[in-house]
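Participant: First to last, the sequence lines map onto chains D and V. Using the numbering used here, the first residue of the first sequence is number 0, and each one after it goes up by one. Using the numbering used here, the first residue of the second sequence is number 0, and each one after it goes up by one. Beta carbons: idealized from backbone N, C-alpha and C, even for Gly.
2 protein chains.
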Amino acid sequence: MKLSRQFPLNALRVFEVAARLKSFTKAGDELGMTQTAVSYQIKLLEDTIGEPLFLRRPRQVSLTEIGERLAPKVSDAFDTLSEAMASVRDQSEGTLTIHTTATFGSHWLAHHIGTFQLENPGIAVRLETSQEVIDFSRTEGDVAIRSGKGTWPGLKSHFLMKSHFSPMLSPALAATIGGVKEPADLLKLRIIDPEDMWWPIWFHAAGLPEADLAGRPSSQFGAQYFHAAAAIAGQGVAILRPEFYADDVALGRLYQPFELLASDGSDYWLVYPESRRNTHKIRAFRDFMRKMMPSFQD
Amino acid sequence: MKLSRQFPLNALRVFEVAARLKSFTKAGDELGMTQTAVSYQIKLLEDTIGEPLFLRRPRQVSLTEIGERLAPKVSDAFDTLSEAMASVRDQSEGTLTIHTTATFGSHWLAHHIGTFQLENPGIAVRLETSQEVIDFSRTEGDVAIRSGKGTWPGLKSHFLMKSHFSPMLSPALAATIGGVKEPADLLKLRIIDPEDMWWPIWFHAAGLPEADLAGRPSSQFGAQYFHAAAAIAGQGVAILRPEFYADDVALGRLYQPFELLASDGSDYWLVYPESRRNTHKIRAFRDFMRKMMPSFQD
DNA sequence: TTCATGGATAAGTGCTCTTGATCCATGCAG
DNA sequence: CTGCATGGATCAAGAGCACTTATCCATGAA
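1) Taking 8 Å as the cut-off, decide whether the C-beta atoms of D:D134 and D:T96 are in contact.
2) Under the DSSP definition of a beta bridge, which residues are partnered with D:H279?
3) Does chain V have any CB closer than 8 Å to the CB of D:E181?
4) Residues of chain D with a CB under 7 Å from the CB of V:T33: which are they?
5) Which first and last residues belong to the beta strand (DSSP E) in which V:M160 is found?
6) Between D:S165 and D:L260, is the Cβ-Cβ spacing less than 8 Å?
7) Assuming D:Q296 is part of the alpha helix (DSSP H), what are its boundary residues?
8) In whole angstroms, give me the CA-to-CA distance for D:A143 and D:Q234.
9) Cα separation between V:S262 and V:M288?
10) Just confirm the distance between the C-beta atoms of D:A229 and D:L253, as a whole number of angstroms; I'd bet it's less than 8 Å.
11) In chain V, what lies closer than 7 Å to D:V132 by C-beta?
12) Quick check: D:F301 and D:P182, are their CB atoms within less than 8 Å of each other?
13) Using the C-alpha atoms, what's the distance from V:R58 back to D:G121?
14) Using a Cβ cut-off of 8 Å (strictly closer), state whether D:L11 contacts chain V.
15) Quick one: is the Cβ of D:S165 within less than 7 Å of any heavy atom of the ligand FMN?
16) Candidates D:T175, D:F6, D:A237 and D:R19: which alpha carbon is nearest D:L44's?
17) Going by Cα to Cα distance, which pick from D:F23, D:G31 and D:S91 is closest to D:V60?
18) Quick one, which of V:H98, V:E92, V:A83 and V:Q116 has its alpha-carbon nearest V:E131's?
19) Would you kindly work out how many angstroms separate the C-alpha atoms of V:F220 and V:I191, rounded to a whole number?
20) Looking at the C-beta of D:G49, does it have a partner C-beta in chain V at a distance below 8 Å?
21) Under 8 Å, do D:A18 and D:A76 count as touching if we go by C-beta distance?
22) Given that V:S38 touches chain D, what residues does it touch there, using C-beta distances under 7 Å?
23) Alpha carbon to alpha carbon, how far is V:S105 from D:V16?
24) Give the straight-line distance between the Cα atoms of V:E67 and D:K155, rounded to the nearest whole angstrom.
25) Using the beta-carbon of each residue, which ones in chain V are nearer than 9 Å to D:V73?
26) State the Cα-Cα distance for the pair V:G206 and V:H157, rounded to the nearest angstrom.
27) Straight-line CA distance for D:N119 to V:R137?
28) In terms of alpha-carbon separation, which member of V:S129, V:E50 and V:T278 lies closest to D:E139?
29) Leaving out the 5 sequence neighbours to the left and right, which residues in its chain are closer than 7 Å to D:K161 when beta-carbon positions are compared?
30) What in chain D is Cβ-close to V:L95, meaning under 9 Å?
31) Can you pull the chain D residues whose beta carbon is under 8 Å from the beta carbon of V:R88, in chain order?
32) Smallest Cα separation from V:R88: which of D:E92, D:L54, D:W107 and D:T47?
33) Just to confirm before moving on: does the CB-CB distance between V:N9 and V:Q34 stay below 8 Å?
34) Excluding five sequence neighbours on each side, which residues of the same chain lie with their C-beta closer than 6 Å to the C-beta of V:L172?
35) When you compare only the Cα positions, how much space is there between V:D315 and V:E29?
36) Which full runs of the alpha helix (DSSP H) of 4+ residues lie inside the region 160-197 of chain D, going along the chain?
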């Protein structure tokens with residue numbers, strides 16, 4: 000059976016307006032429909048209720064007792080409904096949930112998100128860091144920062160920056176071996192997480208494809224964040240994304256001995272569901288990223 | 000612009016059920032539609048809001064925060080709405096407004112309506128007496144009792160009884176002239192409202208077409224009700240509908256000297272809007288009248 | 001692995017709803 | 001009292017949407 004037959008919602012909405020304005024024509028105007036349509040809907044409602052709701056006097060309609068009783072409740076209900084919709088719309092515009100990798104979040108976003116918030120006081124930001132590549136259809140979230148190739152089905156992705164890397168260490172540690180002049184010098188030092196796939200890639204790019212890291216004590220901290228901390232503490236040399244450690248370099252706690260940057264082919268991307276690209280908050284965040292990231296690509 | 004686009008009511012109803020049951024399939028069952036349709040409506044709502052409302056986990060859906068916030072309000076609104084509809088339905092079933100002529104109301108209905116109310120305790124009866132032939136589309140009312148020919152456009156009418164009449168007087172008055180043996184005897188008495196159109200009709204039927212009533216003192220009470228009262232008081236002979244005065248006859252206050260009944264061609268009818276013939280209360284009243292009126296015709 | 005469950009997707013269709021034209025009754029102005 | 005403006009009813013026809021059926025896909029369970 001038809002939904003609208005048992006409980007004619009549209010008819011009820013039309014009724015609400017007609018009852019308020021005491022005119023089918025005016026109700027039609029307010030609702031953006033014709034007087035005919037209003038008449039039809041009212042009759043529909045009267046049929047399902049089995050009672051006339053309006054008295055048709057010439058040049059004006061007035062509510063019957065039944066109508067008089069029904070109108071305020073219907074009005075209430077629609078108020079509730081539209082208030083609910085509005086609040087959801089506000090709230091939905093008002094909170095931006097960003098999923099990000101731990102490193103990007105703690106290094107880049109943490110330093111810049113304040114600017115976004117100043118520029119968009121109406122948008123609350125919620126940062127979620129997770130290693131997994133989240134699926135927007137089964138996890139709450141508006142946008143995500145991912146490293147990868149930039150191709151995810153159903154998602155719009157914007158290139159943010161290369162995810163290149165280079166060895167970094169504390170100046171103090173470098174001094175202990177009289178400075179790091181050439182890549183091979185690094186092998187005199189403790190390599191933080193020698194099993195990191197990035198090392199062979201970089202050494203290969205540096206012309207030392209045979210640099211043997213196997214057999215070195217493995218101390219996998221599990222996340223680049225800890226590698227950096229260890230390197231700052233002078234415990235060895237780590238392979239890091241220099242962009243994230245500009246502050247530490249400026250403070251003299253880390254330095255990057257070689258200009259050479261290597262990449263494993265995966266870059267940083269801003270992604271979000273294609274279908275939601277025109278959401279206010281997503282547009283705002285995209286614009287923000289475009290402004291802050293020189294390498295941002297549409 | 001389309002009403003349903005700006006504010007998708009049907010989608011909201013579907014959402015309410017889906018949110019409550021946490022399942023599209025079950026929601027479809029409850030709503031009498033397919034899972035596909037539910038999916039479609041939810042997506043529609045999500046599109047207009049611009050936010051996902053459900054997280055699609057395998058084998059189950061769950062609400063997003065937005066959905067979680069929206070659901071209770073929508074639920075509330077629909078509760079209000081359906082409660083309003085239900086109350087109106089009850090109330091509409093619960094009050095029967097009868098428009099009737101004064102005579103039929105005070106004589107026939109007043110004596111029998113109690114039976115109807117005993118048999119239909121859920122229906123409150125409101126009696127409105129008016130001389131005008133009411134128009135159901137501009138006056139509140141469910142049914143009416145009218146005298147006429149039985150043909151009113153758009154209205155269903157049931158023949159109730161002939162509106163025939165006969166002279167009636169008090170036995171005491173008849174005794175003053177030694178009893179009323181033949182129609183001409185009536186002329187010895189005071190005729191109550193000699194200008195009433197019924198008199199010449201009856202005398203004509205009685206074989207006294209020339210009975211001259213003109214010149215007799217005219218005392219038009221204006222309504223048959225008063226004629227009867229005058230006749231009972233012994234002030235003269237009135238021409239009345241005997242059906243209405245069975246009680247007075249039984250009490251010996253009135254009597255009908257001749258069997259002869261005349262009619263002006265208009266009868267009593269029960270009428271109501273054709274479209275509302277299956278309303279519970281109208282059906283109940285029709286059944287009641289059919290039972291109480293031997294001459295009732297469908 | 002295979003099956004059962006629950007949802008998404010695609011395409012087709014019936015029907016609700018809307019529109020536009022016209023009619024009718026009434027109240028008001030001249 | 002006549003003509004006009006207002007506001008609603010009615011009718012026929014068409015558009016678009018709300019559903020359906022059929023199919024696919026992913027996951028959790030047996």
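Facilitator: In short:
1) Indexing the first sequence from 1 puts residue 134 of chain D at position 135. Indexing the first sequence from 1 puts residue 96 of chain D at position 97. Cβ atoms of D:D134 and D:T96: not closer than 8 Å.
2) As a working note, residue 279 of chain D is residue 280 in the first sequence. DSSP lists no partner for D:H279.
3) As a first step, residue 181 of chain D must be located in the first sequence, where it is residue number 182. Not an interface residue.
4) Here residue 33 of chain V corresponds to residue number 34 of the second sequence, with the count starting at 1. Ordered by position in chain D, no residue passes the 7 Å Cβ test against V:T33, which lies about 12 Å from the chain.
5) For this step, residue 160 of chain V is matched to residue 161 along the second sequence. L154 to M160 is the extent of the beta strand (DSSP E) around V:M160.
6) For this step, residue 165 of chain D is matched to residue 166 along the first sequence. For this step, residue 260 of chain D is matched to residue 261 along the first sequence. Yes, Cβ-Cβ distance for D:S165 and D:L260 is below 8 Å.
7) As a first step, residue 296 of chain D must be located in the first sequence, where it is residue number 297. First-last for D:Q296: undefined, no H or E at that position.
8) As a working mapping, residue 143 of chain D is identified with position 144 in the first sequence. As a working mapping, residue 234 of chain D is identified with position 235 in the first sequence. Going by the C-alpha atoms only, they are around 33 Å apart.
9) One-based indexing of the second sequence puts residue 262 of chain V at position 263. One-based indexing of the second sequence puts residue 288 of chain V at position 289. Cα to Cα, the separation comes out at about 22 Å.
10) By 1-based counting over the first sequence, the position of residue 229 of chain D is 230. By 1-based counting over the first sequence, the position of residue 253 of chain D is 254. Not a contact, Cβ separation roughly 11 Å.
11) Stepping through the first sequence from its first residue, residue 132 of chain D is reached at position 133. Those within 7 Å of D:V132 in chain V number zero; the least Cβ separation is about 16 Å.
12) Shown here, chain D extends from 0 to 297; a query on residue 301 of chain D therefore has no answer.
13) In the first sequence, counting from the first residue as 1, residue 121 of chain D sits at position 122. In the second sequence, counting from the first residue as 1, residue 58 of chain V sits at position 59. For D:G121 and V:R58, the distance between alpha carbons rounds to 36 Å.
14) As a first step, residue 11 of chain D is located in the first sequence; it is residue number 12 there, counting from the start. Chain V, which has a Cβ nearer than 8 Å to the Cβ of D:L11, makes this yes.
15) Only the bare structure without any ligand can be found here, which leaves the ligand FMN out of the picture.
16) Taking the first sequence and counting its residues from 1, one reaches residue 44 of chain D at position 45. The candidate whose alpha carbon is nearest that of D:L44 is D:F6.
17) Position 61 of the first sequence, counted from the start, is the residue given in the question as residue 60 of chain D. Comparing Cα positions, the closest option is D:F23.
18) Taking the second sequence and counting its residues from 1, the one referred to as residue 131 of chain V is at position 132. Considering only alpha carbons, the answer is V:H98.
19) By one-based count along the second sequence, residue 220 of chain V stands at place 221. By one-based count along the second sequence, residue 191 of chain V stands at place 192. Below a pLDDT of 50, predicted positions are generally treated as unreliable, and V:F220, at 49, falls in that range; the measurement from the model is reported next regardless. Distance between the alpha carbons of V:F220 and V:I191: 9 Å.
20) As a first step, residue 49 of chain D is located in the first sequence; it is residue number 50 there, counting from the start. Taking Cβ atoms only, chain V reaches closer than 8 Å to D:G49, which makes this a yes.
21) Along the first sequence, read from residue 1 onward, the residue named residue 18 of chain D stands at position 19. Along the first sequence, read from residue 1 onward, the residue named residue 76 of chain D stands at position 77. No, they are not a contact pair.
22) As a working mapping, residue 38 of chain V is identified with position 39 in the second sequence. Here the premise fails: no neighbours, minimum Cβ distance about 13 Å.
23) As a working mapping, residue 105 of chain V is identified with position 106 in the second sequence. As a working mapping, residue 16 of chain D is identified with position 17 in the first sequence. Approximately 42 Å, taken between the alpha carbons.
24) One-based indexing of the second sequence puts residue 67 of chain V at position 68. One-based indexing of the first sequence puts residue 155 of chain D at position 156. C-alpha separation (whole angstroms): 27 Å.
25) For the purposes of this step, residue 73 of chain D is taken as the residue at position 74 of the first sequence. In chain order: T79, L80, A83 and M84.
26) Your numbering for residue 206 of chain V matches position 207 in the second sequence. Your numbering for residue 157 of chain V matches position 158 in the second sequence. Distance between the alpha carbons of V:G206 and V:H157: 32 Å.
27) Residue 119 of chain D sits at position 120 when you count from the first residue of the first sequence. Residue 137 of chain V sits at position 138 when you count from the first residue of the second sequence. Whole-angstrom Cα-Cα distance: 57 Å.
28) Looking up residue 139 of chain D in the first sequence gives position 140. Nearest of V:S129, V:E50 and V:T278 to D:E139, Cα basis: V:E50.
29) For this step, residue 161 of chain D is matched to residue 162 along the first sequence. S262 and D266, listed in sequence order.
30) In the second sequence, the residue the question calls residue 95 of chain V occupies position 96. Here the premise fails: no neighbours, minimum Cβ distance about 11 Å.
31) For this step, residue 88 of chain V is matched to residue 89 along the second sequence. Per Cβ cutoff of 8 Å: I48 and G49.
32) The residue given as residue 88 of chain V occupies position 89 in the second sequence. Among D:E92, D:L54, D:W107 and D:T47, the Cα nearest to that of V:R88 belongs to D:T47.
33) Mapped onto the second sequence, residue 9 of chain V falls at position 10. Mapped onto the second sequence, residue 34 of chain V falls at position 35. Result no, Cβ atoms of V:N9 and V:Q34 do not sit closer than 8 Å.
34) The count along the second sequence starts at 1 and reaches residue 172 of chain V at position 173. Correct list, in chain order: G233.
35) Because chain V spans 0 through 297 in this model, residue 315 of chain V falls outside it and cannot be assessed.
36) 170-175
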